[in-house]
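For the sequence shown, the positions run 1 to 526 when the UniProt record's numbering is used.
Beta carbons are placed, not taken as given, at the ideal position from N, Cα and C, and that holds for glycine.
The structure appears below as C-alpha cells.
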Amino acid sequence: MEDVIYMDRYIKITKKNEEFFIESFEKGMTMDAFNGIIAKHPQIQITSFMAIKSAVLYSPVKKIKFADVKERVTVEVSDDGLKAYITLFVSDDELNTGRNVELLKEILKKLSEKGVVFGVKQEALLGELKNQTKILIAEGIEPINGEDSVIKMYEIVEPKPSIMDDGKVNYYELSLINHVKEGEWLGERIDPTAGTHGKSVRGTLIMAMPGKKYPLLYDKISVRECYEEGITKLYALRSGAVNYIGDRISVSNHLEIPDNVDFKTGNIDFDGYITVKGSVEDNFSITADHDIEILGIYGVGSIKEIISRGGNIYIKGGVAGKNKAVIKSKKDIYTKFVSDAVIICEGRVHIGFYCINSTIIAKEVIVDSPKGQIIGGNIQAEYKVVATVIGSPSEAKTQISVKGFNRTDLKETYEKIDIVIRKLKDELLKAKQEMSLYSTDLTSAQMLALERVKERFCDIKNKLKYSEDGKKAISNYLRTKGEGEVTVLKKAYPNTIIDIRKNVREIKTTILNTTFYYQNEEINEI
Numbered sequence: 001m002e003d004v005i006y007m008d009r010y011i012k013i014t015k016k017n018e019e020f021f022i023e024s025f026e027k028g029m030t031m032d033a034f035n036g037i038i039a040k041h042p043q044i045q046i047t048s049f050m051a052i053k054s055a056v057l058y059s060p061v062k063k064i065k066f067a068d069v070k071e072r073v074t075v076e077v078s079d080d081g082l083k084a085y086i087t088l089f090v091s092d093d094e095l096n097t098g099r100n101v102e103l104l105k106e107i108l109k110k111l112s113e114k115g116v117v118f119g120v121k122q123e124a125l126l127g128e129l130k131n132q133t134k135i136l137i138a139e140g141i142e143p144i145n146g147e148d149s150v151i152k153m154y155e156i157v158e159p160k161p162s163i164m165d166d167g168k169v170n171y172y173e174l175s176l177i178n179h180v181k182e183g184e185w186l187g188e189r190i191d192p193t194a195g196t197h198g199k200s201v202r203g204t205l206i207m208a209m210p211g212k213k214y215p216l217l218y219d220k221i222s223v224r225e226c227y228e229e230g231i232t233k234l235y236a237l238r239s240g241a242v243n244y245i246g247d248r249i250s251v252s253n254h255l256e257i258p259d260n261v262d263f264k265t266g267n268i269d270f271d272g273y274i275t276v277k278g279s280v281e282d283n284f285s286i287t288a289d290h291d292i293e294i295l296g297i298y299g300v301g302s303i304k305e306i307i308s309r310g311g312n313i314y315i316k317g318g319v320a321g322k323n324k325a326v327i328k329s330k331k332d333i334y335t336k337f338v339s340d341a342v343i344i345c346e347g348r349v350h351i352g353f354y355c356i357n358s359t360i361i362a363k364e365v366i367v368d369s370p371k372g373q374i375i376g377g378n379i380q381a382e383y384k385v386v387a388t389v390i391g392s393p394s395e396a397k398t399q400i401s402v403k404g405f406n407r408t409d410l411k412e413t414y415e416k417i418d419i420v421i422r423k424l425k426d427e428l429l430k431a432k433q434e435m436s437l438y439s440t441d442l443t444s445a446q447m448l449a450l451e452r453v454k455e456r457f458c459d460i461k462n463k464l465k466y467s468e469d470g471k472k473a474i475s476n477y478l479r480t481k482g483e484g485e486v487t488v489l490k491k492a493y494p495n496t497i498i499d500i501r502k503n504v505r506e507i508k509t510t511i512l513n514t515t516f517y518y519q520n521e522e523i524n525e526i
C-alpha cells in the first residue's frame, strides 16, 4: 500500500514500505519550495538528488525513487563513553501532541538497543523534545584520578645577612648552618590517592588513574623514615647540620664548640660543619669540609687561619687580623668587619660595616650598608666591588682592582649551561617517571632495580643543581655594568686607585655616588 505524504498541482510524494517516491505533473515547483516541503518531513532521507532535480526541472516525470525512510531515533555515544545523545527525525505532529508515550518508548528501546543503560536523564525525556537537534540523553560518571603523593621537606634558606644599627651597637646577623637535633622532623610524603572509578553510559566501569608515588630521597645513615597513617615521615638519626646532595637530604656531622677554640680544643680539622659559640684565640686554626660559623660577639683576632674546603664562612663579630689572620672559603664569606687580614674566597665577600687595610680576593666584594667603608688595603674582585664609602678623609691609599670579563664569552657559557640544564631536566623527568612505575610490593630484584634508578636520579639531580647554581651565578655576574664594575654608593676620597681590566683611574678629588665600569676598552662613569 502506498501512502501519500504530500501532493499539489506540481508534485506528489509517496511512501511505500521504507522508500519515498516523487512524481511531477507540471513545471512551477522551485527548489526552495521543495526544500521547505522536505524540512517538514524529517523522516525523509534523500538518496538521489538527481531524481529530485529531474522531477522538478524537467516536469512532467513519472514516479521515481528519491529517498529512504530516515531512522526516527539515532543514538550517538561519545568516544569516552560518558555521554549519549539522541537526534529525532519524526513528524512535528508527534512532538506537538503532548507527552507522546509511544515516542518515549521508542526512544528507550533505541537506547537499550545501543547499549545505553546507565545515567539516562529523565528530565531530558520528559522535557521539550526537538526535531533534528542533538539532545544529551544520558550521562555517565567521570572517573576522578588519584592525587599524586605530596612531599614536604625541610627548607634551607639561602644565607642573607641582616645589618642593623640602633645608635649604640651595630648588629650583623646571619643564619648559616641549619642545625637539628636527633629525632627532629626533616620531611614527609603523603601517600597518593587511588582515585574514584567512573561508569560509562553503557554501564561499564571506567578505571581511575591512581596517583603517582614519588620517592623520598634521603641518606639512610643519618635519616630514618617512619610510616604513620598514610604519611611517611623523615626524622634525623643524629644531631647535626641539615644539607642536601641533589634532592637527597642528610644530616652531616656538625661539631659545636660551646666556648672558644683555644688550648683546650687545639686546632680543628673536621669533615663536616663547625659552629663555634665563642671565638678563636690567636694563633689557632679551624678547617672544615663544609660551612663554618663563629658566633662570638668579639669575632676573631690574629688567628692562624680559618678554611672552609667546600662551604661558606660566617664570622658574626668581625675580624681584627693584626696582619696575620688568613680566611679562605670555597663559597662565600660573611663578616661584620675586617681589618688587617687576608680573605680569599671563590664566591662573594659580604662585609657589614668596614674593611680596613686588608687584602681581599673574591668574585665580588660587597660593603653596602649605610656605614659600609673600604679604607686602605687591596681589594681584588673578578666582577665587581660595591661600597658605600671608599678611602678616607686622611687620603689613605686604597687600591680597588677588578679583573673584568668578556660579556660575549660569559653569555655563551650561560647559553651552554642552559642547554645542559634542559637536557638534565628531561633525563630527570624520565628517571622520575621510571621510579613511579614501581609499586609498593616489590621483589628483591625489583627493589635492586629501583635503587639503581634512585641512584641515577640523585646523580642527575646533583649535576642539575651544580649547573643551576652556575647559571644563577653567571646571571648575577651579567647584571654587572659593562665588563667590570666599581660602585661608590656615597663617596670616594682622593688617593683611591680604581683599576678595571688594567685601565687605571686615580681619584684626585672627592667624588659622590659614582659607578665606574669598563666598556669600549675604557673606564666609563655614571
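- Counting along the chain, R248 sits inside no alpha helix (DSSP H); it lies in the beta strand (DSSP E) bounded by residues 248 to 252.
- Look at the beta carbons and you see the segment 139 to 152 touching the segment 202 to 210: at least three pairs across the two are nearer than 8 Å.
- Scanning its chain for C-beta atoms nearer than 7 Å, with the 5 sequence neighbours on each side dropped, one finds around P192 the residues G146, E147, D148, S149, P210, G211, K212, K213, in chain order.
- Residue pairing by DSSP puts G187 in a beta bridge opposite M153, L234.
- Between I526 and T515, the C-beta gap is smaller than 8 Å, which places the two residues in contact.
- Cα atoms of I156 and G81: separation of roughly 49 Å, rounded to the nearest angstrom.
- Contact annotation: R456 and A431 have beta-carbon atoms nearer than 8 Å.
- Three or more Cβ pairs closer than 8 Å define a contact, and the segment 288 to 301 meets that threshold against the segment 313 to 331.
- One Cα belongs to V251, the other to E364, and the distance between them is close to 30 Å.
- The residue from C345, Y466, N378, I268 with its alpha-carbon nearest to that of I257 is I268.
- Between I375 and V385, the C-beta gap is not smaller than 8 Å, which leaves the two residues out of contact.
- Looking at the DSSP output, G266 sits in no beta bridge, so it has no partner there.
- Judged by DSSP in its simplified three-state form, Q43 adopts coil rather than helix or strand.
- If you draw a straight line from the Cα of N312 to the Cα of S329, it is about 6 Å long.
- When the five nearest sequence neighbours on each side are left out, the beta carbons in the same chain lying within less than 6 Å of the beta carbon of V342 are those of V326, T359, in order along the chain.
- Look at L176 here: in three-state DSSP terms it is coil, with no helix or strand label.
- L489 is a Cβ neighbour of A387, given a cutoff of 8 Å.
- Bridge pairing for N131: L88 [DSSP].
- For N524, the secondary structure class from DSSP, reduced to helix, strand or coil, is strand.
- In the structure shown, F34 falls within a helical segment according to DSSP collapsed to helix, strand and coil.
- When DSSP states are grouped into helix, strand and coil, R407 belongs to the helix group.
- The beta carbons of G352 and F337 sit closer together than 8 Å.
- DSSP assignment within the segment 317 to 345 yields no whole alpha helix (DSSP H) run of 4 residues or more.
- Straight through space, the alpha carbons of R452 and A445 are spaced by roughly 11 Å.
- Below 8 Å, too few C-beta pairs join the segment 181 to 197 and the segment 66 to 86 to call them touching: fewer than three.
- The DSSP-derived three-state label of A445 is helix.
- Going by beta carbons, G272 and D289 fall inside the 8 Å limit.
- By the Cβ-count criterion, Q373 is buried, with 16 or more other Cβ atoms from all chains shown falling within 10 Å of its own Cβ.
- Annotated three-state conformation of M50 is helix, per DSSP.
- Counting of Cβ neighbours within 10 angstroms places Q43 among the buried residues, the total reaching 16 or more.
- DSSP places K397 outside both helix and strand once states are collapsed to three, so it counts as coil.
- The continuous alpha helix (DSSP H) containing L104 extends over residues 101 to 113.
- Annotated three-state conformation of Y466 is helix, per DSSP.
- With respect to the C-alpha of S59, the residue from A67, I221, I500, G28 having the closest C-alpha is G28.
- With respect to the 8 Å criterion, L186 and V223 are classified as neighbours on the basis of their beta carbons.
- In this structure the segment 240 to 248 touches the segment 461 to 472; the number of beta carbon pairs closer than 8 Å is three or more.
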